[in-house]
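A.B. asks: Residue numbers (the working numbering), protein chains in the order written: chain A, 15 to 127; chain B, 249 to 364.
(1) Mapping DSSP to helix, strand and coil, what is residue 67 of chain A?
(2) Should residue 24 of chain A go down as buried or exposed, given a rule of 16 or more other Cβ atoms within 10 Å for buried?
(3) Under the DSSP definition of a beta bridge, which residues are partnered with residue 339 of chain B?
(4) Buried or exposed for residue 249 of chain B, please, with buried defined as at least 16 other CB atoms from any protein chain shown within 10 angstroms of its CB.
(5) Show which residues of chain A have a CB atom less than 8 Å away from the CB atom of residue 297 of chain B.
(6) Name the residues in the stretch 49-63 of chain A whose C-beta lies less than 8 Å from a C-beta of chain B; which are they?
(7) Could you check how far apart the C-beta atoms of residue 335 of chain B and residue 287 of chain B are, in whole angstroms? I think they sit under 8 Å.
(8) I'd like the list of long-range same chain contacts for residue 325 of chain B, defined as Cβ closer than 6 Å, with 5 residues on each side in sequence excluded.
(9) Since residue 295 of chain B contacts residue 115 of chain A with CB under 8 Å, what's their CB separation in whole angstroms?
(10) With a CB to CB cut of under 8 Å and the five nearest residues on each side skipped, what residues in its chain are close to residue 342 of chain B?
(11) Rounded to the nearest angstrom, what separates residue 45 of chain A and residue 67 of chain A at their Cα positions?
(12) Residue 127 of chain A and residue 102 of chain A: beta carbons closer than 9 Å?
(13) What would DSSP say about residue 289 of chain B, mapped onto helix, strand or coil?
(14) Which chain A residues sit within Cβ distance under 8 Å of residue 338 of chain B?
(15) Residue 27 of chain A and residue 90 of chain A - do their beta-carbons sit closer together than 9 Å?
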């Protein structure tokens, strides 16, 4: 059973470009969470999605950030018009319904030049 | 809302010595508690978790943690560390309910360095 997959593992963007981060949950998992880890800090919750639904986006910045988890395909975290402060590691986690444990992917490390 | 405090940002320990990594939390409701380990440039791996029942929980790689409700703590311990335990350790909490509010709140992490 493959774990949580994230791609790309590393992403370099120039200021003003768009960044698209993908997350494929573990097989059978219908819940996806995105977290951001700034340098030398812990992980901060961004958004929690189920298939075709955003359940909790209380941690998402109000502008430029969006997330989706379509019926088919991976979950996508999209950052428009990136700025240097968006440089961070973005982690995706998944779980099943009623599962207490979240399983994390290897992360995407975004560098904005 | 929950919060997690990991007071020790860095802990150096000699190989084969015991270690304790401290974690305190605050919450107005019942919680589930987790310890994750992060090796350099990798994702987070679950070490152990407390959901209910016995307050002493055992995890992988010889780690264990004890839930203390009165002190709102969930300290991580290992009786004898190995070089391979060098990593960042994160304590996390979530509301102890299966309906909504399932996000994890993380501490800032403790960097454990094992000295040969």
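Cβ atoms here follow ideal geometry from the backbone N, Cα and C, with glycine treated the same way. Since the model is a prediction, treat every value here as computed from it, not as a measurement.
C.D. replies: Here's the rundown:
(1) Residue 67 of chain A sits at position 53 when you count from the first residue of the first chain. Three-state DSSP puts residue 67 of chain A in a strand.
(2) Taking the first chain and counting its residues from 1, the one referred to as residue 24 of chain A is at position 10. Label assigned to residue 24 of chain A: exposed.
(3) Taking the second chain and counting its residues from 1, the one referred to as residue 339 of chain B is at position 91. DSSP, once it has assigned bridges, lists B:283 as partnering residue 339 of chain B.
(4) Looking up residue 249 of chain B in the second chain gives position 1. The residue is exposed, with fewer than 16 neighbouring Cβ atoms inside 10 Å.
(5) Here residue 297 of chain B corresponds to residue number 49 of the second chain, with the count starting at 1. What residue 297 of chain B touches in chain A, judged by beta-carbon distance under 8 Å, is 114, 115, going in chain order.
(6) If the cut-off is 8 Å between Cβ atoms, the stretch 49-63 of chain A has 49, 55, 56, 57, 58, 59, 62 near chain B.
(7) Walking along the second chain from the start, residue 335 of chain B turns up at place 87. Walking along the second chain from the start, residue 287 of chain B turns up at place 39. Contact check for residue 335 of chain B and residue 287 of chain B: beta-carbon distance about 5 Å, within the 8 Å limit, so the pair qualifies.
(8) The count along the second chain starts at 1 and reaches residue 325 of chain B at position 77. Excluding residues up to 5 positions away in sequence, 268, 312 lie with their Cβ nearer than 6 Å to the Cβ of residue 325 of chain B in the same chain.
(9) Your numbering for residue 295 of chain B matches position 47 in the second chain. Your numbering for residue 115 of chain A matches position 101 in the first chain. Contact between residue 295 of chain B and residue 115 of chain A fails: their C-beta atoms lie close to 11 Å from each other, not under 8 Å.
(10) The sequence position of residue 342 of chain B within the second chain is 94, counting from 1. So the list reads 250, 279, 280, 282, 349, 350, 351, 352, 353, once near-sequence residues are dropped.
(11) Taking the first chain and counting its residues from 1, the one referred to as residue 45 of chain A is at position 31. Taking the first chain and counting its residues from 1, the one referred to as residue 67 of chain A is at position 53. Using only the alpha carbons, I get a separation of about 10 Å.
(12) Against the first chain, residue 127 of chain A aligns to sequence position 113. Against the first chain, residue 102 of chain A aligns to sequence position 88. No, these two residues do not count as a Cβ contact at 9 Å.
(13) The sequence position of residue 289 of chain B within the second chain is 41, counting from 1. Of the three classes helix, strand and coil, the one that applies to residue 289 of chain B here is coil, per DSSP.
(14) The residue labelled residue 338 of chain B in the question sits at position 90 within the second chain. Per Cβ cutoff of 8 Å: 56, 57.
(15) Position 76 of the first chain holds residue 90 of chain A. Position 13 of the first chain holds residue 27 of chain A. No, the Cβ-Cβ distance between residue 90 of chain A and residue 27 of chain A is not below 9 Å.
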